[in-house]
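Before any comments, here is the structure.
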Amino acid sequence: MMPGRFRTKAAIVLKGHVLNWPWRPRLERRRVRGEVTRDAVCSYLGRYVPEFLEMPFVKASAPDGDAGDSGKIFSVWLQGEAAAPEIVKACWRSIRANSSRELVVLDSSSLPDWIELPGHVTDKWRRGLIRPAHFTDICRVALLHRYGGYWMDATDFLPMELPEWMDRQDFFVYMSGERQRGWYSFIQNCFIRGRRGNYLLALWLNAMEVYWEHENSAIDYFVHQLLFRKAVESDPEAGRLFAAMPRVVQDPTHTVWFENASRPFDPELFRTLTSAAAFQKTEYKSSDASAPVPGSFADALMKMYL
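Numbered according to the UniProt record's numbering, the sequence shown terminates at residue 306, and the numbering increases by one at each position without gaps.
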């Protein structure tokens with residue numbers, strides 16, 4: 001482990017855990033841990049800022065679409081669509097049912113047909129040094145930078161057509177909010193709107209590529225989100241463009257599943273909650289996803305649009 005990395009991890013353990021006094025309320029302890037982690041990781045990532053700011057931007061070009069927008073929604077399941085969990089298939093059904101845009105689901109075999117990543121990125125992914133979640137983090141930014149359109153995670157459920165105001169944005173991500181795990185990540189990247197060749201996407205992609213050229217693991221699960229933060233804080237043009245982006249927090253996108261998955265399905269509550277956000281985030285690892293309670297919200301979502 002590099003010395004700077006060791007110091008970063010040690011600071012997180014010491015200030016975020018050992019000195020995070022146990023008599024503090026639970027939510028305050030969580031906030032302290034998040035702030036310590038964010039500050040320590042961002043300080044560590046500062047070493048890569050000069051290098052990715054000096055990198056030339058890869059030219060973005062694509063054979064289809066116009067005005068920098070392919071007209072597509074991209075999603076990835078590396079093992080292939082047929083092998084995806086039922087909740088993931090339900091999320092893709094919801095997109096195909098409710099969006100006029102084409103959904104393009106890619107996997108490890110088809111991704112090279114769409115994007116070309118640096119050799120060190122693909123090599124470290126194949127060797128298991130870059131985890132699948134972080135590899136798809138890179139892929140989503142590369143896809144949107146080259147083609148434009150939308151990225152939606154395989155666990156994003158779309159209850160209605162995407163709002164028109166999003167189509168008018170050159171770049172849009174949700175802010176991290178206050179309630180969910182990883183609130184300190186600054187932004188979330190499970191849903192991204194971007195036009196082809198967008199400056200923020202290009203700079204973000206450069207930052208990711210530089211990080212993984214030097215590193216063999218993620219210093220934090222939200223390393224790519226925090227790299228984006230370093231980019232908009234370090235580059236004046238990126239900061240200007242990001243400041244012009246509508247600020248919308250992610251919290252309303254997590255209400256249907258994360259607060260109600262095991263509860264009896266209520267159509268009126270479902271309509272109320274889904275009207276407050278463009279999509280609803282789910283997950284595939286819990287018992288709600290693998291064995292939903294009959295008649296629950298989770299059960300209802302997985303049966304919609306069959």
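No residue lacks a Cβ here, since even glycine has one placed at the ideal position from N, Cα and C.
Can you say whether residue i is buried or exposed, counting buried as having 16 or more other CB atoms within 10 angstroms of its CB?
{"i": "Ala-291", "result": "exposed"}
{"i": "His-134", "result": "buried"}
{"i": "Ala-97", "result": "exposed"}
{"i": "Leu-200", "result": "buried"}
{"i": "His-145", "result": "buried"}
{"i": "His-214", "result": "exposed"}
{"i": "Ser-275", "result": "exposed"}
{"i": "Gly-197", "result": "buried"}
{"i": "Arg-127", "result": "exposed"}
{"i": "Thr-282", "result": "buried"}
{"i": "Ala-238", "result": "buried"}
{"i": "Trp-92", "result": "buried"}
{"i": "Ala-83", "result": "exposed"}
{"i": "Ser-287", "result": "exposed"}
{"i": "Val-18", "result": "exposed"}
{"i": "Lys-230", "result": "buried"}
Would you kindly work out how many angstroms separate the C-alpha atoms of residue i and residue j, rounded to a whole number?
{"i": "Asp-266", "j": "Ala-202", "result": "43 Å"}
{"i": "Val-49", "j": "Phe-242", "result": "17 Å"}
{"i": "Leu-103", "j": "Gln-79", "result": "17 Å"}
{"i": "Met-160", "j": "Gly-149", "result": "17 Å"}
{"i": "Trp-165", "j": "Val-173", "result": "13 Å"}
{"i": "Leu-27", "j": "Leu-226", "result": "22 Å"}
{"i": "Gly-46", "j": "Val-141", "result": "21 Å"}
{"i": "Val-76", "j": "Ile-95", "result": "14 Å"}
{"i": "Glu-233", "j": "Trp-204", "result": "12 Å"}
{"i": "Gly-65", "j": "Lys-285", "result": "With a pLDDT of 49 at Gly-65, under the threshold of 50, the modelled position of this residue cannot be trusted; read the value that follows with caution. Whole-angstrom Cα-Cα distance: 36 Å."}
{"i": "Phe-258", "j": "Thr-37", "result": "24 Å"}
{"i": "Val-32", "j": "Ala-10", "result": "15 Å"}
{"i": "Ala-289", "j": "Lys-124", "result": "30 Å"}
{"i": "Val-121", "j": "Tyr-147", "result": "20 Å"}
{"i": "Thr-272", "j": "Cys-139", "result": "33 Å"}
{"i": "Lys-151", "j": "Arg-101", "result": "Reading the sequence as shown, one finds Trp at residue 151 and not Lys. Answer to the nearest angstrom: the Cα atoms are 12 Å apart."}
{"i": "Leu-301", "j": "Pro-132", "result": "25 Å"}
{"i": "Ser-43", "j": "Val-293", "result": "44 Å"}
{"i": "Ser-262", "j": "Leu-306", "result": "20 Å"}
{"i": "Trp-23", "j": "Val-13", "result": "17 Å"}
{"i": "Lys-15", "j": "His-254", "result": "29 Å"}
{"i": "Tyr-221", "j": "Ser-185", "result": "9 Å"}
{"i": "Phe-57", "j": "Phe-6", "result": "32 Å"}
{"i": "Leu-143", "j": "Ala-90", "result": "23 Å"}
{"i": "Asp-299", "j": "Leu-158", "result": "16 Å"}
Does DSSP put residue i in a helix, in a strand, or in coil?
{"i": "Asp-123", "result": "helix"}
{"i": "Gln-79", "result": "coil"}
{"i": "Leu-103", "result": "strand"}
{"i": "Pro-246", "result": "coil"}
{"i": "Ser-296", "result": "strand"}
{"i": "Lys-281", "result": "strand"}
{"i": "Pro-236", "result": "helix"}
{"i": "Pro-267", "result": "helix"}
Any beta-carbon of chain C closer than 8 Å to the one on residue i?
{"i": "Gly-197", "result": "Note that chain C does not occur in the displayed structure, where there is just one protein chain."}
Inspect the beta-carbon positions of residue i and residue j and report whether they are closer than 8 Å.
{"i": "Thr-8", "j": "Ala-60", "result": "no"}
{"i": "Ile-73", "j": "Ser-109", "result": "no"}
{"i": "Ile-192", "j": "Met-175", "result": "no"}
{"i": "Phe-171", "j": "Met-55", "result": "no"}
{"i": "Asn-260", "j": "Phe-228", "result": "no"}
{"i": "Glu-86", "j": "Asp-107", "result": "no"}
{"i": "Phe-52", "j": "Ala-207", "result": "yes"}
{"i": "Gly-177", "j": "Val-223", "result": "no"}
{"i": "Gly-68", "j": "Arg-168", "result": "no"}
{"i": "Pro-236", "j": "Ala-277", "result": "no"}
{"i": "Asp-156", "j": "Phe-279", "result": "yes"}
{"i": "Pro-118", "j": "Glu-209", "result": "yes"}
{"i": "Asn-189", "j": "Asp-137", "result": "yes"}
{"i": "Gly-4", "j": "Trp-183", "result": "no"}
{"i": "Ala-154", "j": "Val-88", "result": "yes"}
{"i": "Ile-115", "j": "Trp-212", "result": "no"}
Could I get the ranges of all uninterrupted beta strand (DSSP E) runs contained in the stretch 158 to 223, with 3 residues as the minimum, in chain order?
171 to 175 and 187 to 194
Enumerate, from N- to C-terminal direction, the unbroken beta strand (DSSP E) stretches of 3 or more residues contained entirely within the stretch 129 to 161.
149 to 152
Length at least 4, wholly inside the stretch 22 to 72: the alpha helix (DSSP H) runs in chain order
26 to 45 and 49 to 54
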